[in-house]
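Undergrad: In my numbering, the protein residues as written are 2 to 317. Heads up, the beta-carbon is just placed ideally off N, CA and C, and yes, glycines get one too. In this text, all values refer to a predicted model and were calculated from it rather than measured experimentally. Supplied in structure tokens, the structure appears directly below.
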Amino acid sequence: MEKWLKNKYIVVFVSFLLSVLLASFIYSRHDALTTNIDSSASVTTQKIITNVPIRIKDSSNSKYISGLPEHVVVSLEGPRNILSQLSNQTINVETEDLATVENGSTTIRYKLTDLPNGVIGTIQPYESNIIVSKRMTKTFPVTPLVDKSIVSDGYVMGAVEVSPSTVFITGSEDTILKIDTVTATITVSSTKTETFTQDNVSVVVKDKNGNILDVKVDKNVSITVPIYKKGQTVPVDITLAGQREGYTYTVESQNVSELTLLGTADKLKDITRISATINVSDLTETKTLEATVLVPIGVTISNPQPITATIKVEKQ
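What follows is the structure in structure tokens.
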């Protein structure tokens with residue numbers, strides 16, 4: 002042992018080992034103390050929450066605001082256990098009541114509502130310069146805009162359908178009165194040979210000068226574009242129904258002798274002519290009547306128009 006103690010390398014090693022053991026003991030005691038504080042104490046801390054939406058308070062339900070930011074930043078201070086449960090979905094920032102604010106350019110402040118006990122907060126920015134106007138909501142039809150170049154060669158486009166066909170648009174009264182066009186535009190990456198529908202199409206609102214207006218449209222729309230193989234022209238036959246005994250009925254003339262049909266190749270391949278029916282059960286003299294045209298499901302007439310025929314009636 003005495004020989005070991007006289008060896009300086011052994012002394013240095015033993016000293017180092019004792020230092021490591023002592024440090025480990027101190028750190029373990031510190032961690033235990035910290036853990037005990039975390040579980041046994043309410044610690045006050047701070048938290049910054051971004052992208053907090055602003056709720057508009059308007060007890061009059063008649064105001065429209067322009068210039069309001071979409072989000073604000075909220076700085077909170079309070080018990081850490083409470084702050085850890087708060088997010089931009091659980092705290093509320095709202096404007097002052099717009100019912101008391103005059104129309105025109107003005108400055109409004111925001112306030113935090115329903116904060117938990119023991120929590121305080123500040124809003125950045127805490128105020129904004131806005132324009133307050135009389136609110137108006139009006140219904141407008143939506144016009145679909147579809148570039149005909151999306152149709153492949155050998156095919157044609159049918160009547161485009163929009164669903165819903167009308168939308169509610171809300172804005173300041175002055176702006177609503179400026180609305181000239183309400184449109185929804187189809188965008189595709191390749192030409193089409195079959196009917197297709199595009200959902201969730203944005204509605205664009207413009208004035209007569211083509212400027213997009215600051216208004217809120219209540220929903221997007223779906224647009225269905227019928228695509229047909231190029232028209233097939235077939236003759237129109239007039240069929241007389243309800244012919245009475247004692248009379249002779251003759252088709253003297255008709256205003257339409259043929260129709261162009263649109264549809265898929267499978268739908269059109271077996272159609273060689275179209276029948277237009279006229280009910281003559283009450284006819285006792287020569288007269289011009291309108292016919293009813295029925296086409297197969299999935300087939301449409303490219304140039305729809307009333308079909309009439311002059312029916313000559315003779316008593317036998």
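Over the uninterrupted alpha helix (DSSP H) stretch that includes Asp267, give me the two end residues.
TA: Taking the sequence shown and counting its residues from 1, the one referred to as residue 267 is at position 266. Note, Asp267: alpha helix (DSSP H), 266-269.
Undergrad: Go to Thr176, then tell me how far its alpha helix (DSSP H) extends in each direction, as first and last residue.
TA: Mapped onto the sequence shown, residue 176 falls at position 175. Counting along the chain, the alpha helix (DSSP H) containing Thr176 begins and ends at 174-177.
Undergrad: Going straight from the alpha carbon of Leu77 to that of Lys135, what length do you get?
TA: Here the question's residue 77 lines up with position 76 in the sequence shown. Here the question's residue 135 lines up with position 134 in the sequence shown. Cα-Cα distance, rounded: 35 Å.
Undergrad: Report the three-state DSSP secondary structure of Asn82 (helix, strand or coil).
TA: Locating residue 82 in the sequence shown gives position 81, where the first residue counts as 1. Asn82 falls in the helix class under three-state DSSP.
Undergrad: Helix, strand or coil for Lys64? Go by DSSP, reduced to three states.
TA: Stepping through the sequence shown from its first residue, residue 64 is reached at position 63. The answer is strand: DSSP assigns Lys64 an E or B state.
Undergrad: Spell out the partners DSSP gives Pro54 in its beta bridges.
TA: The residue you call residue 54 lines up with position 53 of the sequence shown. DSSP lists His72 as partners of Pro54.
Undergrad: Check each candidate in Pro117, Val183, Thr144, Asp215 and name the one with the smallest Cα separation from Asp175.
TA: Residue 175 sits at position 174 when you count from the first residue of the sequence shown. Per the Cα distances, Asp215.
Undergrad: Could you give the uninterrupted runs of the beta strand (DSSP E) lying entirely in the stretch 94-164, keeping only those of 3 residues or more?
TA: Counting only runs of 3 or more, we get 105-114, 121-125, 128-142, 144-146, 156-158, 162-164.
Undergrad: Roughly how many angstroms separate the alpha carbons of Lys270 and Gln317, rounded to a whole number?
TA: Position 269 of the sequence shown, counted from the first residue, corresponds to residue 270. Position 316 of the sequence shown, counted from the first residue, corresponds to residue 317. Spanning the two alpha carbons is a distance of roughly 42 Å.
Undergrad: Could you check which residue in Val257, Val73, Asn118 has the C-alpha nearest to that of Thr96?
TA: Within the sequence shown, residue 96 is the residue found at index 95, counting from 1. Among Val257, Val73, Asn118, the Cα nearest to that of Thr96 belongs to Val73.
Undergrad: Only counting the same chain, and skipping five residues up and downstream in sequence, which positions put a Cβ closer than 7 Å to that of Ser155?
TA: Numbered from 1 along the sequence shown, position 154 holds the residue referred to as residue 155. It should be pointed out that residue 155 corresponds to Gly in this sequence rather than to Ser. So the list reads Lys230, Lys231, once near-sequence residues are dropped.
Undergrad: Among all the DSSP beta bridges, which residues are the ones paired with Val218?
TA: The count along the sequence shown starts at 1 and reaches residue 218 at position 217. Beta-bridge pairing links Val218 to Ile170.
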